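Novice:
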Amino acid sequence: MDGAIRLSLGLDKSVLAIQGPPGTGKTYTGAKMIIALVTAGKKVGITAVSHKVIRNLFDKVSELSKDQTPKIGFVHKVTDKSETLPDGIIEVTKSADAIASLQHGKVVGGTAWLWADNNSADTLDYLFVDEAGQMSLSQVLAASRAAKNLILLGDPQQLEQPQKGSHPEGSDIAALTYLLDGHKTMPLDKGLFLGVTRRLHPKICAFTSELFYEGRLQSLAGLEKQTIWGHPRFKGAGLFYEPVAHRGNQDKSKEEVLAIATIVGELTAPGITWTNAMGEKSNLSKDDILIVAPYNAQVSALREKLPGMKIGTVDKFQGQEAPVVIYSMTSSSPEDAPRGMSFLYNPNRLNVATSRAKCMCILVASPLLLEPECHTIEQMRWANALCRFKEFA
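Have a look at this one:
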């Protein structure tokens, strides 16, 4: 983090890219950089693919600078104002009002549309692009005219934002993906790689690091304490595979719904305990479990069977975490999978699903998914990630 702050303060009409794998403190690092830059009298803006992401970075800056005097203020350019707002955040609907607030030392947030506007040109010393692994290169380039320097925060190994519209060839890929130029992790001469996760147990981190981060990701010391005990099969920590045989299922599997309901019932029974990284022990509850699936139809079926639990698509739970993650792959075979292997076997989707787990990830899947008939080298790579999970389990 100190290196990131030092580099950012020294930028001169340049770009600093920071890749932050799951749990490595990307938002924390970005917030600390913003605090240092504002303290140094710099004009700072934030952009992202959604207002939610912008607000999340606002909140982290506010949290980490709460004892600072004078306090850092925030202005958010939105289309429709919220009914309630946290202290220190002002919403405006006019771009001119957002830009004018920079003269009063405010940190200003807005989508790429705000910063691409002609009236925003050269108004910033620094523009932070959060989740730059999701924002397209074309959007980042359009917004970049507002600032002397760019800070890109994100992780191209997570899921990208779906793109709409037509773009010149190559400009529709994510900005950080473009900078990586085929690498899975940020080269030393291109930017910074945050290599210590504060979330993943070493057994989960070993899989995540090997498959998605070229062996560069490590667990923070102490995370090996994160364990679950009391269940005859799901005990300790790491990856677990629960095969469920079924045929002909595409985007919904009642067999997997029933299997997951059984697992949840067993894990939340009396006597099943969860120990966190501080060594504190408690009974495992429904709030300690995330259930993810690739398809909305399976999510709906799971919610009907398990009301009140945290259940959603992989895309929805990106950025969240829990002691236990259960991943329902749903489709009976590669041939049954809606949108084909490229969606269901997408390594980034598997990375997001498995890396939500602090302690244990349980893969519930048809054995046929581990026996795909691959026709291209790319399909072999996709299948390899899933098969490697089973080897780690």
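Sequential numbering of the sequence shown, starting at 0, is according to numbering that gives the first Met the number 0.
Don't be surprised by glycine CBs; every beta carbon is placed ideally from N, CA and C.
Source: prediction; values computed, not measured.
#1: What whole-angstrom Cβ distance do isoleucine 290 and leucine 301 have, given they're in contact under 8 Å?
#2: Using 10 angstroms around the beta-carbon of asparagine 148, count the other beta-carbons present and answer buried if the total reaches 16, otherwise exposed.
#3: At which residue ranges does the stretch 179-245 contain complete alpha helix (DSSP H) runs of 4 or more residues, listed in the order of the chain?
#4: Quick one, are the C-beta atoms of threonine 207 and leucine 219 less than 8 Å apart?
#5: Give every residue of the same chain whose Cβ lies closer than 8 Å to the Cβ of cysteine 386, excluding the five residues on either side of it in the sequence, and list them in chain order.
#6: How should threonine 92 be labelled, buried or exposed, when 16 other C-beta atoms within 10 angstroms of its C-beta is the threshold for buried?
#7: Cα separation between glycine 247 and leucine 158?
#8: Taking the beta strand (DSSP E) that cysteine 386 belongs to, which residues open and close that run?
#9: Nearest to threonine 46 by CA position, among Ile34, Ile150, Asp121, is which residue?
#10: Mapping the DSSP letters down to three states, classify serine 119 as helix, strand or coil.
#11: Measuring straight from C-alpha to C-alpha, what distance separates phenylalanine 192 and aspartate 180?
#12: Going by DSSP, which residues form a beta bridge with glycine 311?
#13: Which value, in whole angstroms, describes the spacing of the CA atoms of leucine 8 and tryptophan 228?
#14: Determine the direct distance from the alpha carbon of phenylalanine 239 to that of threonine 261, and round the result to whole angstroms.
#15: Excluding the five sequence neighbours on either side, which residues of its own chain have a C-beta within less than 7 Å of the C-beta of glutamate 377, listed in chain order?
#16: To the nearest angstrom, how far is the alpha carbon of threonine 375 from that of methionine 340?
#17: Quick check: the Cα distance between glycine 264 and alanine 392, rounded to an integer number of angstroms?
#18: With a Cβ-Cβ cutoff of 8 Å, do lysine 105 and phenylalanine 57 count as a contact?
#19: Once DSSP output is grouped into helix, strand and coil, what is the label at isoleucine 443?
Specialist: A quick look at the data gives this:
#1: Here residue 290 is taken as the residue at index 291 of the sequence shown, counted from 1. Here residue 301 is taken as the residue at index 302 of the sequence shown, counted from 1. Right, their Cβ atoms sit about 6 Å apart.
#2: Counted from its first residue, the sequence shown places residue 148 at position 149. Buried is the call here.
#3: 201-211
#4: Counting from 1 along the sequence shown, the entry for residue 207 is found at position 208. Counting from 1 along the sequence shown, the entry for residue 219 is found at position 220. Not a contact, by the Cβ cut-off of 8 Å.
#5: Locating residue 386 in the sequence shown gives position 387, counting from the first residue. Answer for cysteine 386: Leu369, listed in chain order.
#6: As a working mapping, residue 92 is identified with position 93 in the sequence shown. Classification of threonine 92: exposed, given that the 10 Å Cβ count is below 16.
#7: Locating residue 247 in the sequence shown gives position 248, where the first residue counts as 1. Locating residue 158 in the sequence shown gives position 159, where the first residue counts as 1. Looking at the two C-alpha atoms, the distance is approximately 27 Å.
#8: Taking the sequence shown and counting its residues from 1, the one referred to as residue 386 is at position 387. Per DSSP, cysteine 386 belongs to no beta strand (DSSP E); it is in the alpha helix (DSSP H), 376-391.
#9: Within the sequence shown, numbered from 1, the residue matching residue 46 stands at position 47. Out of Ile34, Ile150, Asp121, Ile150 has the C-alpha closest to the C-alpha of threonine 46.
#10: As a working note, residue 119 is residue 120 in the sequence shown. Looking at serine 119 - three-state DSSP - the assignment turns out to be helix.
#11: Taking the sequence shown and counting its residues from 1, the one referred to as residue 192 is at position 193. Taking the sequence shown and counting its residues from 1, the one referred to as residue 180 is at position 181. Spanning the two alpha carbons is a distance of roughly 15 Å.
#12: Reading the sequence shown from its first residue, position 312 is the one you call residue 311. Bridge partners of glycine 311: Val291.
#13: Along the sequence shown, one-based indexing puts residue 8 at 9. Along the sequence shown, one-based indexing puts residue 228 at 229. C-alpha separation (whole angstroms): 47 Å.
#14: Here residue 261 refers to the residue found at position 262 when the sequence shown is read from its first residue. Here residue 239 refers to the residue found at position 240 when the sequence shown is read from its first residue. Between threonine 261 and phenylalanine 239, the C-alpha separation is close to 15 Å.
#15: Sequence index remark: in the sequence shown, residue 377 carries index 378 (1-based). Nothing meets the Cβ criterion.
#16: In the sequence shown, the residue the question calls residue 375 occupies position 376. In the sequence shown, the residue the question calls residue 340 occupies position 341. Their Cα atoms are separated by approximately 11 Å.
#17: For the purposes of this step, residue 264 is taken as residue 265 along the sequence shown, with counting starting at 1. For the purposes of this step, residue 392 is taken as residue 393 along the sequence shown, with counting starting at 1. In a straight line, the C-alpha of glycine 264 is about 21 Å away from that of alanine 392.
#18: To locate residue 105, count along the sequence shown from 1; it is residue 106. To locate residue 57, count along the sequence shown from 1; it is residue 58. Result no, Cβ atoms of lysine 105 and phenylalanine 57 do not sit closer than 8 Å.
#19: As displayed, the chain neither begins before 0 nor continues past 392, which places residue 443 out of reach and without an answer.
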